[in-house]
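Undergrad:
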Amino acid sequence: MSPPRTLLSKIYDRHQVADLGGGDMLMYVDFHLVHEVTSPQAFEGLRQRGVGVHAPAQTLTVADHNVPTLNRAAGVLDPESRAQIEQLQINAAEFGLPWIPLDSVDQGIVHVVGPEQGLTLPGTTIVCGDSHTATHGAFGALAFGIGTTEVEHVLATQTLVQKRAKSMLVQVEGALGRGMTAKDLILAIIGRIGANGATSYIIEYAGQAIRDLDMAGRMTVCNMSIEAGARAGLIAPDETTFAYLKGRRHAPQGAAFDAAVADWRTLASDPRATYDAVVRIDAGAIEPMVTWGSSPEAVISIGGRTPNLSVVADAGQRAQIEQMLAYMGLSPNQPLDGLPVDTVFIGSCTNGRLEDLRAAADIARGRHVAERVRALVVPGSGHVKAAAEAEGLDRVFIDAGFEWRDAGCSMCLGMNPDRLAPGERCASTSNRNFEGRQGPGGRTHLVSPSMAAAAAVAGRLVDVRSFG
Amino acid sequence: MQAFITLDAVAAALPIANIDTDKLVPGRFLKGVTRAGLGRILLHPLRFDADDQPRADFVLNQSPWDRAGVLIALDNFGCGSSREHAPWALLDFGIRCVIAPSFADIFRNNCLKNGILPLVLPEADCLAVMDLARDPATARFSVSLSDQTVTAGGRVWPFGIGAADKTKLLEGQDEIDAALARLPEIKRFEARIGYAAPHLGGV
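Protein chains in written order, with my numbering: chain H, 86 to 553; chain B, 1443 to 1645.
1. Measuring only the C-alpha atoms, how far is residue 1520/B from residue 1472/B?
2. Could you check the C-alpha separation between residue 472/H and residue 171/H for me, to the nearest Å?
3. Take the Cβ of residue 156/H as the centre, count every other Cβ of all protein chains shown within 10 Å, and call the residue buried at 16 or more, exposed below.
4. Output the distance between the C-alpha atoms of residue 247/H and residue 240/H, rounded to the nearest integer angstrom.
5. Which same chain residues, not among the five before or five after residue 252/H, have their C-beta less than 7 Å away from its C-beta?
6. Would DSSP call residue 449/H helix, strand or coil?
7. Quick one: complete alpha helix (DSSP H) runs, 4+ long, within the segment 285 to 314 of chain H?
8. Quick check on residue 1452/B: does DSSP put it in helix, strand or coil?
9. Check whether the Cβ of residue 1502/B lies closer than 7 Å to any Cβ atom in chain H.
10. Quick one: Cα of residue 184/H to Cα of residue 197/H, how far?
11. Between residue 92/H and chain B, is there a C-beta pair that is closer than 7 Å?
12. In the structure shown, what three-state DSSP assignment does residue 1630/B receive?
13. Kindly indicate if chain B contains any beta-carbon less than 7 Å away from that of residue 95/H.
14. Could one say the Cβ of residue 364/H lies closer than 7 Å to chain B's Cβ atoms, at least one of them?
15. Just list the residues that DSSP pairs residue 466/H with in beta bridges.
16. Measuring only between beta-carbons, confirm whether residue 1642/B sits less than 7 Å from chain H.
17. For the alpha helix (DSSP H) containing residue 230/H, list its first residue and its last residue.
18. Does the segment 293 to 302 of chain H come into contact with the segment 249 to 267 of chain H, if we say contact requires no fewer than three beta-carbon pairs (one atom in each stretch) closer than 8 Å?
19. Exposed or buried, residue 529/H, counting other C-beta atoms within 10 Å across all chains shown (16 or more means buried)?
20. May I have the straight-line CA-CA distance separating residue 225/H from residue 1491/B, to the nearest angstrom?
21. Just mark residue 518/H as buried or exposed, buried being the case when its beta carbon has 16 or more other beta carbons within 10 Å.
22. How long is the line joining the alpha carbons of residue 548/H and residue 454/H, rounded to whole angstroms?
23. Please report the straight-line C-alpha distance between residue 514/H and residue 1513/B, rounded to a whole angstrom.
24. How would you write the range of the alpha helix (DSSP H) that residue 400/H sits in, first residue to last?
25. Hey, does residue 1493/B have any beta-carbon neighbour from chain D nearer than 7 Å?
26. Would you call the segment 486 to 500 of chain H in contact with the segment 380 to 395 of chain H, where contact means no fewer than 3 C-beta pairs closer than 8 Å?
27. Which residues of the segment 516 to 532 of chain H have a Cβ closer than 8 Å to any Cβ of chain B? Give them in chain order.
28. Just grab the DSSP bridge partners of residue 258/H for me.
29. Can you pull out the residues from the segment 220 to 235 of chain H whose beta carbon lies closer than 9 Å to at least one beta carbon of chain B?
30. Name, going along the chain, the residues of the segment 109 to 133 of chain H whose beta-carbon falls closer than 7 Å to a beta-carbon of chain B.
31. Looking at chain H, which residues of the segment 1611 to 1631 of chain B have a Cβ within less than 7 Å of any of its Cβ atoms?
32. Is residue 1605/B close to chain H? Criterion is C-beta to C-beta, closer than 7 Å.
33. Rounded to whole angstroms, what's the CA-CA distance from residue 1459/B to residue 1516/B? Just pull it up for me.
34. Of all the CB atoms in chain B, is at least one closer than 7 Å to the CB of residue 98/H?
35. With a floor of 4 residues, list each alpha helix (DSSP H) that falls wholly inside the segment 338 to 390 of chain H, ordered by position along the chain.
36. How many whole angstroms separate the CB atoms of residue 1454/B and residue 1507/B, which I take to be in contact at a CB cut-off of 8 Å?
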């Protein structure tokens, strides 16, 4: 009998084209998502080599990072952004690649588009020049971000040189409390293992609280694996996964779907498979989480306080905390509940799906955004936007004083016009609170969609459980 | 890719943990379509003030570190996004080696594709070599990849690196050429695929 294998090992085994020695393998890539920011130099490399794209039908191009989320019909006003997006379209045409136009309902953030089109399938390998490619691991796909040289490698050969990563099991025992979300869970996990706690690992998330999540929640969890240092996160596919995929545009159909499900059922880690590291998390203890610093590991529950410096023994660590507090305009031992915010951003590949917008709308419904607070809702794709409008969520948000935008990465990384001004404080459903991430000098507090909506209404960070 | 064999260069100390890719190259500078010229904006939030003027108190704005070829930092260097603009900016500035206790995976990988040596030393050793780098008299470091040593201030620090990564850097291998040579093997693999895989045929 063959030794028990993890989900990760099974995917590696399926995709090894050649053993290159020294621990390297040539790994086959089933699907490649390409956006405008990290690809132009890769296409230029292909031209210089005189080679084409090896598997155009396994490559999808779509612009998301630079796209305006307001008045889409007017086109892209920023000349550099426009040039980068036009270059992607030119490259797609020249190399014969599928391209989603900006005005298509299919357009959106790559990591929202792949799953909703049924392109993200269990047991496959997916890459993109974007670290949040980890999102697709929610389906039991091995999905990770790559640099531009590797984008060129995949375009030219549909393969990558890979070492097998170490495996980490994050076992989430018990059930999340009422009102707790996948975002609170992943922020708590990152707080526990640290921003580089999973470096050189790939995480598999398991346990009751993970099984209980819908696909949107699972994507939120896997999305932020990179914020703990892991290139990828994985969740074994199950009935929830199969139900999500059934009938999706590019998923297998009919008998082919049934055959695929039979195969997908074999992917879960074998009962006695071993991991290089195991972390256990008690889901029931998790409260609404909010970051206080400029690293995602700097996170506490909404009822908590910023670090008390007198109990931090290590001088280097103390200096780091002081620096983060100074950047964030906070003091040691300060409660976050009640901290006034200027801006609220609801969207991104972490929390820009329909379920996220519903959660935010449940808080916004019948209430109003506080005076002087700017609140943006940016759907993750054109389809998310259309589905939300069909449910009337756009009216809920607009009536409550939120801005209802078009799909894109938006204020998650400030490449398009949606940015924070220096010193502005933002409750954000995105994934990174790095200094300047949302605009130079901007101060980001990462939260769940319902916590963000509550902050918009209250005008300050607040425990969403206090909203009936 | 330029091979990395030895490096003799000024080292600059940047005693900060979690230097993320947004610090190395902020998002608003990612709008170019070439690799060129990014050295100018490397570490922009630390190097320049709100009016875009160089901060006199920042190490890379001071002689001799304005010509640094080695950068020393703390844990989790290069965390965050996959943007290869970060190593491109280091390279364009003239930095061919970063020394830190740990590196983020994607950044480390991107360095290896660009002939930059991500050199891991324990934190205590990083702090010790930072002290040498701060003194212009001892700021010149010698790095030998073949010997796996850093020499500074008359002392020698050995470092570890995986055999495959070492060979790639020493030879300046182009992995894409090597993989293109295996296309027949890749096509045989594709003909054997037995699982459901996404396909946009006919789009």
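Quick reminder that beta carbons are idealized off the backbone N, C-alpha and C, glycines included.
Please read all numbers here as calculations on a predicted model, not as lab measurements.
TA: The relevant details are as follows:
1. Each residue's CA atom was taken as its position, placing residue 1520/B and residue 1472/B some 16 Å apart.
2. A direct Cα-Cα distance of roughly 28 Å separates residue 472/H from residue 171/H.
3. Classification for residue 156/H: exposed.
4. A direct Cα-to-Cα measurement between residue 247/H and residue 240/H gives close to 16 Å.
5. Cβ within range, chain order: 91, 93, 286, 287, 289, 360, 361.
6. Three-state result, residue 449/H: helix.
7. Listed in chain order, they are 293 to 296, 300 to 308.
8. Three-state result, residue 1452/B: strand.
9. No, its Cβ sits nowhere closer than 7 Å to a Cβ of chain H.
10. Their Cα atoms are separated by approximately 15 Å.
11. When Cβ-Cβ separations below 7 Å define contact, residue 92/H makes no contact with chain B.
12. In the structure shown, residue 1630/B falls within a helical segment according to DSSP collapsed to helix, strand and coil.
13. It does not: the Cβ of residue 95/H has no partner Cβ on chain B nearer than 7 Å.
14. Taking Cβ atoms only, chain B never reaches closer than 7 Å to residue 364/H, which makes this a no.
15. Paired residues: 193/H.
16. Under the Cβ distance rule, residue 1642/B counts among the residues neighbouring chain H, one pair being separated by less than 7 Å.
17. Premise fails: residue 230/H lies in the beta strand (DSSP E), 227 to 230, not in any alpha helix (DSSP H).
18. Verdict: yes, contact present.
19. So residue 529/H ends up on the buried side.
20. Roughly 45 Å between the two C-alpha positions.
21. With 16 or more neighbouring CB atoms inside 10 Å of its own CB, residue 518/H falls in the buried class.
22. Answer to the nearest angstrom: the Cα atoms are 16 Å apart.
23. Approximately 34 Å, taken between the alpha carbons.
24. If you look at residue 400/H, you'll find it in the alpha helix (DSSP H) that goes 400 to 413.
25. Of the protein chains in the structure, H and B, none is chain D.
26. Cβ pair count under 8 Å is below three, so no.
27. Residues 517, 519, 520, 521, 522, 525, 526.
28. According to DSSP, which records beta bridges pairwise, residue 258/H is partnered with 367/H.
29. The segment 220 to 235 of chain H vs chain B, Cβ under 9 Å: 229, 230, 231, 232, 233, 234, 235.
30. Residues 109, 111, 113, 115, 116, 122, 123, 125, 126.
31. Against chain H - using a Cβ distance shorter than 7 Å - the residues of the segment 1611 to 1631 of chain B are 1617, 1618, 1621, 1622, 1624, 1625, 1627, 1628, 1631.
32. Under the 7 Å criterion on CB atoms, residue 1605/B is classed as interfacial with respect to chain H.
33. Straight across, the Cα-Cα distance linking residue 1459/B with residue 1516/B is about 4 Å.
34. With its beta carbon at least 7 Å from every one in chain B, residue 98/H lies outside the interface.
35. Within the segment 338 to 390 of chain H, the complete alpha helix (DSSP H) runs of at least 4 residues are 339 to 349.
36. Their Cβ separation, rounded to whole angstroms, is 4 Å, which keeps residue 1454/B and residue 1507/B in contact under 8 Å.
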